[in-house]
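Take a look at the structure below.
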Amino acid sequence: MSSINNNIEISGKYKFLWHSQSDSYTNYKVFMAKLGLGDDLAYLNQCLTHVQVEYAMQDTVVLKFGKDWDTVQCTEVVKPGQMVEEVSFRSGGGMYSCVWYRYGNMLVKQARPSDKRDTAYTITREFTESKMVTSFSTDKNTLKAEVVHTRM
Numbered sequence: 011m012s013s014i015n016n017n018i019e020i021s022g023k024y025k026f027l028w029h030s031q032s033d034s035y036t037n038y039k040v041f042m043a044k045l046g047l048g049d050d051l052a053y054l055n056q057c058l059t060h061v062q063v064e065y066a067m068q069d070t071v072v073l074k075f076g077k078d079w080d081t082v083q084c085t086e087v088v089k090p091g092q093m094v095e096e097v098s099f100r101s102g103g104g105m106y107s108c109v110w111y112r113y114g115n116m117l118v119k120q121a122r123p124s125d126k127r128d129t130a131y132t133i134t135r136e137f138t139e140s141k142m143v144t145s146f147s148t149d150k151n152t153l154k155a156e157v158v159h160t161r162m
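Counting along the sequence shown from 1, when you hit position 51 you're at 61 in our numbering, and nothing is skipped either side.
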């Protein structure tokens, strides 16, 4: 059960720990494949076990993903309320219209495809005092996965 809390500090370092994962983590690779990620890219994504979250000025949240704290391999800049266009991961795919929302300690991304061969999806990141729980859903919420990063 999610609870909205404006007093949670979201900035910090988080780490993926195998023993902290829920059963739905097994759906993560299926979710990534549904979005068009090949096996190699999905595997690389799963290897990004360290996340540094920085809450910046003007309500911007920066997530830096890497295999360790010193190597950033992917940076995601979240600007709640700002509509952005993102390229589909599927070869030959179209574009996604995406927007992040912030509800207290939660960030929610909704992505709608321009090409009907692509799949709409939602990503929710909930921050607590001890972890960041990222929930993924697609196929009208019938396919769900969850990834837990423990706060260090």
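Glycine included, C-beta positions come from ideal geometry on N, C-alpha and C.
From a predicted model like this one, the values you see are computed outputs, not experimental measurements.
Check: Beta carbon of D78, beta carbon of M105: below 9 Å?
Finding: Translated into positions along the sequence shown, residue 78 becomes position 68. Translated into positions along the sequence shown, residue 105 becomes position 95. Result no, Cβ atoms of D78 and M105 do not sit closer than 9 Å.
Notebook entry, point to check: Do you know whose CA, among L153, V109, T36, lies nearest W28's CA?
Noted result: By one-based count along the sequence shown, residue 28 stands at place 18. When each option's Cα is compared against that of W28, the closest is T36.
Check: Between the region 132-148 and the region 114-121, do at least 3 Cβ pairs fall closer than 8 Å?
Finding: yes
Notebook entry, point to check: Sorted by chain position, which residues of the same chain lie with C-beta nearer than 7 Å to S98's C-beta, five sequence neighbours on each side aside?
Noted result: Walking along the sequence shown from the start, residue 98 turns up at place 88. The answer, listed in chain order, is G46, G104, M105, Y106, P123, D125, D128.
Next item on the list: Below 8 Å on the Cβ atoms is my guess for I20 versus Y65; work out the distance and round it to an integer in Å.
Entry: Here residue 20 is taken as the residue at index 10 of the sequence shown, counted from 1. Here residue 65 is taken as the residue at index 55 of the sequence shown, counted from 1. With 8 Å as the limit, I20 and Y65 qualify as a contact, their Cβ atoms being about 6 Å apart.
Next item on the list: Return the bridge partner residues of G22 from the DSSP annotation.
Entry: The residue you call residue 22 lines up with position 12 of the sequence shown. Per DSSP, V63.
Check: Sorted by chain position, which residues of the same chain lie with C-beta nearer than 7 Å to E86's C-beta, five sequence neighbours on each side aside?
Finding: Residue mapping note: residue 86 aligns to position 76 of the sequence shown, counting from 1. Correct list, in chain order: L73.
Notebook entry, point to check: Is W110 helix, strand or coil when you go by DSSP?
Noted result: For the purposes of this step, residue 110 is identified with residue 100 of the sequence shown, where counting begins at 1. Three-state DSSP puts W110 in a strand.
Notebook entry, point to check: Is DSSP giving Q120 helix, strand or coil here?
Noted result: Numbered from its first residue, the sequence shown carries residue 120 at position 110. Q120 falls in the strand class under three-state DSSP.
Checklist line | Separation of T152 from T132, as counted between CA atoms | finding: Residue numbering aside, residue 132 sits at position 122 when the sequence shown is read from its first letter. Residue numbering aside, residue 152 sits at position 142 when the sequence shown is read from its first letter. Approximately 12 Å between the Cα atoms of the pair.
Note to self: In whole angstroms, give me the CA-to-CA distance for E95 and V143.
What the structure shows: Reading the sequence shown from its first residue, position 85 is the one you call residue 95. Reading the sequence shown from its first residue, position 133 is the one you call residue 143. Approximately 25 Å, taken between the alpha carbons.
Notebook entry, point to check: Could you give the distance in angstroms between the alpha-carbon of H60 and the alpha-carbon of G102?
Noted result: Here residue 60 corresponds to residue number 50 of the sequence shown, with the count starting at 1. Here residue 102 corresponds to residue number 92 of the sequence shown, with the count starting at 1. Their backbone Cα atoms lie some 31 Å apart in a straight line.
Next item on the list: Pull up the DSSP beta-bridge partners for T132, would you.
Entry: If you number the sequence shown from 1, residue 132 lands on position 122. For T132, which the question treats as bridged, DSSP gives the partners Q120, S147.
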